[in-house]
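**Q** Take a look at the following structure, please.
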Amino acid sequence: MLPESKPVVLVAEDHPVNRKVAGLLLDALGVHALLADDGRPAIALYQKERPALILMDIMMPVVDGFHAAKEIRRLEFGLGIQTPIIACTALDETKIKEEAVSCGINDYLGKPYSRETLAAKIELWLGTKLPRTRTPITQVAQALANAVEEPMEGQRLRPSYGLEQLDDLLALFLTVTETLLAQLDSAIQAQDVVAVRRLAHEIRSGSLMVDAKDIAEICVQLEQVTHNWPEVVKTYPALALAFSKVREFAHKKQADGDAGVGLRPSQPSPKPASNY
97 MLPESKPVVL
107 VAEDHPVNRK
117 VAGLLLDALG
127 VHALLADDGR
137 PAIALYQKER
147 PALILMDIMM
157 PVVDGFHAAK
167 EIRRLEFGLG
177 IQTPIIACTA
187 LDETKIKEEA
197 VSCGINDYLG
207 KPYSRETLAA
217 KIELWLGTKL
227 PRTRTPITQV
237 AQALANAVEE
247 PMEGQRLRPS
257 YGLEQLDDLL
267 ALFLTVTETL
277 LAQLDSAIQA
287 QDVVAVRRLA
297 HEIRSGSLMV
307 DAKDIAEICV
317 QLEQVTHNWP
327 EVVKTYPALA
337 LAFSKVREFA
347 HKKQADGDAG
357 VGLRPSQPSP
367 KPASNY
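Printed below as a string of structure tokens:
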């Protein structure tokens, strides 16, 4: 039984890191999150729970966001309802706008997004004011002022996720990204252009959500050079190096006892109408 006092938001997101981020942010906003890892289970959850709003990723492997939105609109036809659907994606809005409109998607939220940006979208479409739960963190401003250039800005993530949740999130990010990098390496060896583009996009998406900007930028470069295979081969080592720096940074913070930036010692080491 879903809580009657909380608005219910369905999140369709195949990337485990992005799905966890969405759940953490919605929880901090006093929203009950229904989490689906693809368009097909999202449609089933929609039918069962009738959420107030849907955050819809676009690039999902089995049923993508466009097809999921179309099916939800088909189910709603004749019922006199239209659940707000927000495209939640790292894809540029101009590239998806036409198809999004034709599928009945109402709005766009670019990744990565902040708690405030997410709250503003939900408030806009549900016409309600959400609580802003403050994370119990001290001296965040001082930590930000003293921050040096690092492969990921863990300090900036603390206010959004909290100390304990941030460690779990980073552990998940490292594990998932290491797996995706292995798949990307295999795709490059097989000269599979489609797979390389898809995997680079997926790695970029998760990296943006944890502020690993170097990884995200190299993924953009990789997507752009798939027409020139020697460049793809040359770009991959830079991506692997950027990831290793993030992993080393997280484990160093763990060894230094810097909670909420590295991994907690208990964590195992990860394996190598419309707004349009």
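Residue numbering for the sequence shown follows my numbering, starting at 97 and increasing by one per position.
Ideal Cβ positions, reconstructed from N, Cα and C, are used throughout, including at glycine.
Note that the structure is predicted; figures quoted are calculated from it, not measured.
1) When you compare the CB positions of L280 and V306, do they come within less than 8 Å of one another, or not?
2) Taking the alpha-carbon positions, what's the E219 to A346 distance?
3) So, for V105: in the same chain, excluding its five sequence neighbours on each side, which residues have a beta-carbon less than 8 Å away from its beta-carbon?
4) Could you tell me whether the Cβ atoms of S301 and I311 are closer together than 8 Å?
5) Does the distance from the CB of N183 to the CB of I201 come in under 8 Å?
6) Our contact map puts I314 next to A334 with C-beta atoms below 8 Å; I'd like the distance itself, whole angstroms only.
7) Counting only the same chain and skipping the five closest in sequence on each side, list residues whose C-beta sits under 8 Å from that of K330.
8) By alpha-carbon positions, which one of T273, I284, E344, L295 ends up nearest to P326?
9) Measure from the alpha carbon of L175 to the alpha carbon of each residue in T322, Q143, R294, then state which is nearest.
10) Helix, strand or coil for D203? Go by DSSP, reduced to three states.
11) What's the gap between the Cα of A165 and the Cα of E145?
12) Could you check the C-alpha separation between L205 and I192 for me, to the nearest Å?
13) Rounded to whole angstroms, how far is the Cβ of W221 from the Cβ of P180, which I believe are closer than 8 Å?
14) With distances taken from CA atoms, which of Q317, E109, D203, E189 is nearest D160?
15) Check this for me: beta carbons of A132 and V107, under 8 Å apart or not?
16) Taking the beta strand (DSSP E) that V105 falls in, what are its first and last residues?
17) Quick one: residues in its chain with C-beta nearer than 7 Å to the C-beta of N242, no 5 flanking neighbours on either side, listed in chain order?
18) Restricting to Cα atoms, I'd like to know which of D203, T275, Q287, H163 is closest to V113.
19) Of all the options V342, V328, V117, which has the alpha carbon lying nearest to the alpha carbon of P208?
20) Out of I154, L277, T273, point me to the one whose CA is closest to V197's CA.
**A** Concretely, from the data shown:
1) no
2) 35 Å
3) L122, V127, H128, A129, L130, P147, A148, L149, I150, L151, I218
4) no
5) Checking the displayed sequence, the identity of residue 183 turns out to be Ala instead of Asn. Contact: yes.
6) 5 Å
7) none
8) I284
9) Q143
10) strand
11) 16 Å
12) 12 Å
13) 4 Å
14) E109
15) yes
16) 104-108
17) Per-residue confidence for N242 stands at a pLDDT of 39, beneath the threshold of 50, marking its modelled position as unreliable; the derived number appears in the next sentence. Excluding sequence neighbours, N242 sits near nothing in its chain.
18) T275
19) V117
20) I154
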